[in-house]
Amino acid sequence: MTIRDRLSGNEAVAIAMKQINPDVMPAFPITPSTEIPQYFSQYVANGEVDTVFIPVESEHSAMSACIGSEGAGARTFTATSSCGLALMHEMLYVASSSRLPITLACVNRALTGPININNDHSDSMGSRDAGWIQIYSENNQEAYDNFIQAVKIAEHKDIMLPAMVCQDGFITSHAVENIELIEDAKVKAFVGEYEPEDFLLNPNSPIAIGPYDTASFYIEHKRQQAEAMIKVKEIALEVAAEFEKISGRKYGLFETYELEDADTALVIINSTAGTAKDAIDKLRAEGKKVGLLKIRLFRPFPREEIAEALKHIKAIAVMDKCEGFSAAGGPLFAEVRSALYDLNEKPMTVNYIYGLGGRDVRTTDIESVYSDLDTIVESGKAGDTYRYLGVRE
Amino acid sequence: MSKLTEIRWHGRGGQGAKTASLLLADAAFNTGQYVQGFPEYGPERMGAPITAYNRISDTKIRVHSNIYEPDFVVVVDETLLASIDVTAGLKKSGAIIINTPKTPDEVRKYLNGYEGSICTIDAVSISEKTLGKNFPNTPMLGAVVKVSGIMDPEQFLEDMKASFAHKFATKPQVIEGNVAALKMAMQEVKGI
Numbered sequence: 079m080t081i082r083d084r085l086s087g088n089e090a091v092a093i094a095m096k097q098i099n100p101d102v103m104p105a106f107p108i109t110p111s112t113e114i115p116q117y118f119s120q121y122v123a124n125g126e127v128d129t130v131f132i133p134v135e136s137e138h139s140a141m142s143a144c145i146g147s148e149g150a151g152a153r154t155f156t157a158t159s160s161c162g163l164a165l166m167h168e169m170l171y172v173a174s175s176s177r178l179p180i181t182l183a184c185v186n187r188a189l190t191g192p193i194n195i196n197n198d199h200s201d202s203m204g205s206r207d208a209g210w211i212q213i214y215s216e217n218n219q220e221a222y223d224n225f226i227q228a229v230k231i232a233e234h235k236d237i238m239l240p241a242m243v244c245q246d247g248f249i250t251s252h253a254v255e256n257i258e259l260i261e262d263a264k265v266k267a268f269v270g271e272y273e274p275e276d277f278l279l280n281p282n283s284p285i286a287i288g289p290y291d292t293a294s295f296y297i298e299h300k301r302q303q304a305e306a307m308i309k310v311k312e313i314a315l316e317v318a319a320e321f322e323k324i325s326g327r328k329y330g331l332f333e334t335y336e337l338e339d340a341d342t343a344l345v346i347i348n349s350t351a352g353t354a355k356d357a358i359d360k361l362r363a364e365g366k367k368v369g370l371l372k373i374r375l376f377r378p379f380p381r382e383e384i385a386e387a388l389k390h391i392k393a394i395a396v397m398d399k400c401e402g403f404s405a406a407g408g409p410l411f412a413e414v415r416s417a418l419y420d421l422n423e424k425p426m427t428v429n430y431i432y433g434l435g436g437r438d439v440r441t442t443d444i445e446s447v448y449s450d451l452d453t454i455v456e457s458g459k460a461g462d463t464y465r466y467l468g469v470r471e
Numbered sequence: 038m039s040k041l042t043e044i045r046w047h048g049r050g051g052q053g054a055k056t057a058s059l060l061l062a063d064a065a066f067n068t069g070q071y072v073q074g075f076p077e078y079g080p081e082r083m084g085a086p087i088t089a090y091n092r093i094s095d096t097k098i099r100v101h102s103n104i105y106e107p108d109f110v111v112v113v114d115e116t117l118l119a120s121i122d123v124t125a126g127l128k129k130s131g132a133i134i135i136n137t138p139k140t141p142d143e144v145r146k147y148l149n150g151y152e153g154s155i156c157t158i159d160a161v162s163i164s165e166k167t168l169g170k171n172f173p174n175t176p177m178l179g180a181v182v183k184v185s186g187i188m189d190p191e192q193f194l195e196d197m198k199a200s201f202a203h204k205f206a207t208k209p210q211v212i213e214g215n216v217a218a219l220k221m222a223m224q225e226v227k228g229i
């Protein structure tokens with residue numbers, strides 16, 4: 079029996095954490111993720127979990143404490159946003175290269191300059207090369223489901239990599255919506271105990287974590303880390319299949335919506351995918367063959383599967399809620415277009431930078447992108463591939 | 038065809054318009070519906086105009102944008118009428134519900150010729166009578182339920198009694214006042 083409830087995205091993640099009952103949670107508050115450690119510290123105070131909650135003095139320290147505790151053999155969670163994730167940046171690499179499966183709830187928020195507390199994806203996109211698994215979530219339900227699955231993927235003995243589970247700040251983190259929770263015991267049994275093969279507090283098998291690595295071995299260690307990341311796709315699908323058994327909800331590497339017979343398609347991350355689904359239903363009712371591919375796993379990037387899913391599309395708009403300042407398009411665009419390059423028949427592909435700093439995205443905005451794609455299909459020309467949606471001139 | 042009701046709340050930071058939108062989401066959730074309750078965040082500060090939203094539907098809600106063409110608008114602080122275009126996009130088939138001691142005719146002039154229903158409720162006085170303090174949220178919630186018809190008023194009252202009993206478990210003395218505030222608001226809202 080699933081438990082029908084209504085929760086904000088932050089509360090949903092905090093409850094996933096409570097159900098799993100990690101050993102350690104170091105955290106420093108930052109909008110809009112603050113509620114996660116806030117709720118969790120209440121669970122600690124109420125004795126609902128036996129986690130050691132470590133209030134630290136910065137996000138750099140939060141991630142450092144995560145590394146220390148996970149290295150010691152303790153299951154460790156944290157949460158952050160925006161500048162907080164940026165301040166962790168140095169330590170993110172230490173966590174992943176030390177093969178420490180920390181799970182982090184990232185509540186996506188714009189990075190400062192100008193100061194802004196609202197949603198876009200510039201924070202987690204800035205961490206995309208840090209060796210962390212990245213899983214994105216459309217709504218509170220997916221944030222909850224993905225967090226539970228991420229712990230199991232990260233801790234798999236063939237993976238042993240940290241994972242961040244992302245959702246849109248405010249748009250889903252602070253929106254109360256319906257959700258179906260899984261019973262505590264089922265979540266606990268699904269995730270299981272954290273049993274690392276090697277850990278610092280194991281007197282029978284002493285190890286060092288984080289020593290200097292010379293040129294004789296560094297590249298081999300990096301290759302091992304990359305091989306673990308390559309393996310994530312397979313494990314993520316295994317974990318998703320198991321998760322479906324306890325939840326009835328199906329997850330893949332990505333989600334497609336009305337994509338099979340579509341002529342034009344959007345590739346989108348997080349909450350705007352829901353808005354796009356409403357726009358698609360409206361356009362489909364008018365006879366337009368439009369579809370959507372919603373990214374779930376961004377790291378690793380499932381390039382063969384995405385190329386296969388998009389190969390029949392005539393024109394694609396890749397939607398980036400992050401300005402990568404490459405002067406050629408955002409980071410998702412670079413990934414998707416690169417994935418399509420190996421196809422013999424390549425769809426025409428353009429990029430839209432949209433929704434930066436919390437700029438609201440309406441169904442009519444999405445409809446305007448499909449309309450632009452129609453123009454591209456009719457003319458046979460992609461035109462300028464680096465575009466902005468809804469920016470005032 | 039799904040039945041979707043969209044509501045926009047206007048208030049000032051600290052008055053609890055966000056909380057009211059979450060309470061309404063809770064109440065609608067308890068009647069088995071799909072709900073969204075969310076605030077629009079700006080540079081938060083006490084007294085600044087804020088907006089919050091509700092979507093209530095009999096089918097799953099996927100859209101994640103603000104609400105531009107609401108069915109109902111709720112104004113928790115009447116001083117906003119002079120500075121905010123509260124009826125922007127409001128459907129003619131809907132209604133605006135304003136916290137004011139004035140009558141609907143007296144506030145009409147602030148509403149840019151809005152042709153739909155104008156409802157007023159003296160939430161301050163109801164709150165002071167029933168709760169002894171100015172907490173306009175509870176009476177506003179009662180007025181919205183009455184005007185919008187999004188749920189059965191009797192069932193709503195029963196649900197809210199249970200909800201207050203849970204929420205105020207450590208302050209049982211305020212439960213009765215809150216229930217009285219809801220009932221009085223549902224009786225006294227003008228302009229339906």
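Respectively, the protein sequence lines represent chains A and B.
This note's numbering puts the first residue of the first sequence at 79, with every later residue one more than the last.
This note's numbering puts the first residue of the second sequence at 38, with every later residue one more than the last.
Even for Gly, the Cβ is constructed at its ideal location relative to N, Cα and C.
CB-CB under 8 Å to Ala460/A, same chain, minus the five flanking residues each way: which ones, in chain order? Counting from one through the first sequence, the residue named residue 460/A turns up at place 382. The residues are Ala393, Met426, Thr427, Val428 and Ile454.
Contacts that Asp63/B makes with chain A (C-beta to C-beta distance below 9 Å): Locating residue 63/B in the second sequence gives position 26, counting from the first residue. The answer, in chain order, is Arg84 and Val254.
Would you tell me roughly how many angstroms separate the C-alpha atoms of Glu423/A and Leu361/A, rounded to the nearest one? Looking up residue 423/A in the first sequence gives position 345. Looking up residue 361/A in the first sequence gives position 283. Those two C-alpha atoms are separated by around 26 Å.
Cα-Cα, which of Met203/A, Val229/A, Gly433/A and Val134/A is closest to Thr350/A? Numbered from its first residue, the first sequence carries residue 350/A at position 272. Minimum Cα distance to Thr350/A is reached at Gly433/A.
Chain-ordered residues of the region 72-83 of chain B with a beta carbon less than 7 Å from chain A: Val72, Gln73, Gly74, Phe75, Pro76 and Tyr78
Identify whether Phe109/B lies in helix, strand or coil by the three-state DSSP scheme. The count along the second sequence starts at 1 and reaches residue 109/B at position 72. Strand, per DSSP.
Whole alpha helix (DSSP H) runs in the region 163-203 of chain A with 4 or more residues, listed along the chain? 200-203
Look at the alpha carbon of Asp339/A and the alpha carbon of Leu163/A, and state the distance between them as a whole number of angstroms. Residue numbering aside, residue 339/A sits at position 261 when the first sequence is read from its first letter. Residue numbering aside, residue 163/A sits at position 85 when the first sequence is read from its first letter. Taking the straight line joining both Cα atoms gives about 39 Å.
Is the CB-CB distance between Leu278/A and Arg177/A below 8 Å? Taking the first sequence and counting its residues from 1, one reaches residue 278/A at position 200. Taking the first sequence and counting its residues from 1, one reaches residue 177/A at position 99. Against a cut-off of 8 Å, the Cβ pair of Arg177/A and Leu278/A comes out as no contact.
State the DSSP-derived secondary structure class of Gln70/B, mapped to helix, strand or coil. In the second sequence, residue 70/B corresponds to position 33, counting from 1. Reduced to three states, the DSSP call for Gln70/B is coil.
For His203/B, return the contacting residues in chain A, with the cut-off set at a CB-CB distance below 9 Å. In the second sequence, the residue the question calls residue 203/B occupies position 166. Neighbours of His203/B on chain A: none; closest Cβ ~14 Å, over 9 Å.
So, do the region 92-105 of chain A and the region 57-71 of chain B have three or more beta carbon pairs nearer to each other than 8 Å? no
For Ala208/A, does the three-state DSSP call read helix, strand or coil? The residue you call residue 208/A lines up with position 130 of the first sequence. Here Ala208/A sits in coil by DSSP.
Between the Cα of Ala372/A and those of Ala405/A, His199/A, Met242/A and Ser215/A, spot the shortest distance and give me the residue it belongs to. Locating residue 372/A in the first sequence gives position 294, counting from the first residue. In the sequence as presented, Ala is not what sits at residue 372/A; that position holds Lys. Of Ala405/A, His199/A, Met242/A and Ser215/A, the residue nearest in Cα terms is Ser215/A.
Under 8 Å (Cβ pairs) to chain A, residues found in the region 99-118 of chain B: Arg99, Val100, His101, Ser102, Asn103 and Tyr105
Helix, strand or coil for Ile260/A, going by three-state DSSP, please let me know. Residue mapping note: residue 260/A aligns to position 182 of the first sequence, counting from 1. Residue state, collapsed to three classes: coil.
Locate the alpha helix (DSSP H) running through Met307/A, then write down its first and last residues. Locating residue 307/A in the first sequence gives position 229, counting from the first residue. From DSSP, the alpha helix (DSSP H) with Met307/A extends over Tyr296 to Ser325.
How should Phe403/A be labelled, buried or exposed, when 16 other C-beta atoms within 10 angstroms of its C-beta is the threshold for buried? In the first sequence, the residue the question calls residue 403/A occupies position 325. It is exposed - the Cβ of Phe403/A has fewer than 16 other Cβ atoms within 10 Å.
Coarse secondary structure for Arg377/A, derived from DSSP in three states: The residue given as residue 377/A occupies position 299 in the first sequence. Strand at Arg377/A.
Counting only beta-carbon atoms, is Val439/A nearer than 8 Å to chain B? The sequence position of residue 439/A within the first sequence is 361, counting from 1. Yes - at least one Cβ of chain B is within 8 Å of the one on Val439/A.
List, in order along the chain, the chain A residues whose C-beta lies closer than 8 Å to that of Leu148/B? As a working note, residue 148/B is residue 111 in the second sequence. The contacting residues do not exist; Leu148/B stays about 24 Å from chain A at best.
So, at 6 Å on beta carbons, what are the nonlocal neighbours of Asp30/A in its own chain, with the 5 sequence-adjacent residues on each side left out? Lying before the first or after the last residue shown, residue 30/A is absent from chain A, which here runs from 79 to 471.
In angstroms, rounded to a whole number, what distance separates the CA positions of Ser58/B and Phe75/B? For the purposes of this step, residue 58/B is taken as the residue at position 21 of the second sequence. For the purposes of this step, residue 75/B is taken as the residue at position 38 of the second sequence. Cα to Cα, Ser58/B sits roughly 7 Å from Phe75/B.
Is DSSP giving Asp450/A helix, strand or coil here? On the first sequence, residue 450/A is found 372 positions in, with the first residue counted as 1. Helix, per DSSP.
Residue(s) in a DSSP beta bridge with Leu154/B: Within the second sequence, the letter at position 117 stands for residue 154/B. In the sequence as displayed, the identity of residue 154/B is Ser instead of Leu. DSSP lists Ala132/B as partners of Ser154/B.
Just the C-alpha distance for Asn218/A and Glu148/A, rounded to the nearest angstrom, thanks. Mapped onto the first sequence, residue 218/A falls at position 140. Mapped onto the first sequence, residue 148/A falls at position 70. Near 27 Å, if we compare the C-alpha coordinates of Glu148/A and Asn218/A.
So with CB distances below 9 Å, who are the chain B contacts of Gly458/A? Here residue 458/A refers to the residue found at position 380 of the first sequence. Ordered by position in chain B, no residue passes the 9 Å Cβ test against Gly458/A, which lies about 32 Å from the chain.
What does the Cβ neighbour count give for Gln224/B, buried or exposed, with the cut at 16 atoms within 10 Å? Taking the second sequence and counting its residues from 1, one reaches residue 224/B at position 187. Its Cβ having fewer than 16 others within 10 Å, Gln224/B is exposed.
Beta-carbon neighbours of Phe66/B, restricted to chain A and to distances below 8 Å: Reading the second sequence from its first residue, position 29 is the one you call residue 66/B. Simply Arg84 and Asn256.
Same chain, Cβ closer than 8 Å to Tyr430/A, five either side skipped, listed in chain order: Here residue 430/A is taken as the residue at index 352 of the first sequence, counted from 1. Result list for Tyr430/A: Ala395, Val396, Met397, Asp398, Val447, Arg465, Tyr466 and Leu467, in chain order.
Excluding five sequence neighbours on each side, which residues of the same chain lie with their C-beta closer than 7 Å to the C-beta of Leu127/B? In the second sequence, counting from the first residue as 1, residue 127/B sits at position 90. Pro107, Val110, Ile133, Tyr151 and Gly153, listed in sequence order.
In the DSSP assignment, find the unbroken alpha helix (DSSP H) run with Ile187/B in it and report its ends. Your numbering for residue 187/B matches position 150 in the second sequence. No alpha helix (DSSP H) holds Ile187/B; DSSP gives it neither H nor E.
Below 8 Å on the Cβ atoms is my contact criterion, and I expect Ala188/A with Ser160/A to pass it. Report the Cβ-Cβ distance as a whole number of Å. As a first step, residue 188/A must be located in the first sequence, where it is residue number 110. As a first step, residue 160/A must be located in the first sequence, where it is residue number 82. With 8 Å as the limit, Ala188/A and Ser160/A qualify as a contact, their Cβ atoms being about 7 Å apart.
Whose Cβ in chain B lies nearer than 7 Å to the Cβ of Phe248/A? Taking the first sequence and counting its residues from 1, the one referred to as residue 248/A is at position 170. Within 7 Å Cβ-Cβ: Tyr78.
According to DSSP, is Met242/A helix, strand or coil? Mapped onto the first sequence, residue 242/A falls at position 164. If DSSP states are grouped into helix, strand and coil, Met242/A belongs with the strands.
Which whole-angstrom value describes the C-beta separation of Ser174/A and Gly209/A, a residue pair presumed to lie in contact below a C-beta threshold of 8 Å? Translated into positions along the first sequence, residue 174/A becomes position 96. Translated into positions along the first sequence, residue 209/A becomes position 131. Right, their Cβ atoms sit about 3 Å apart.
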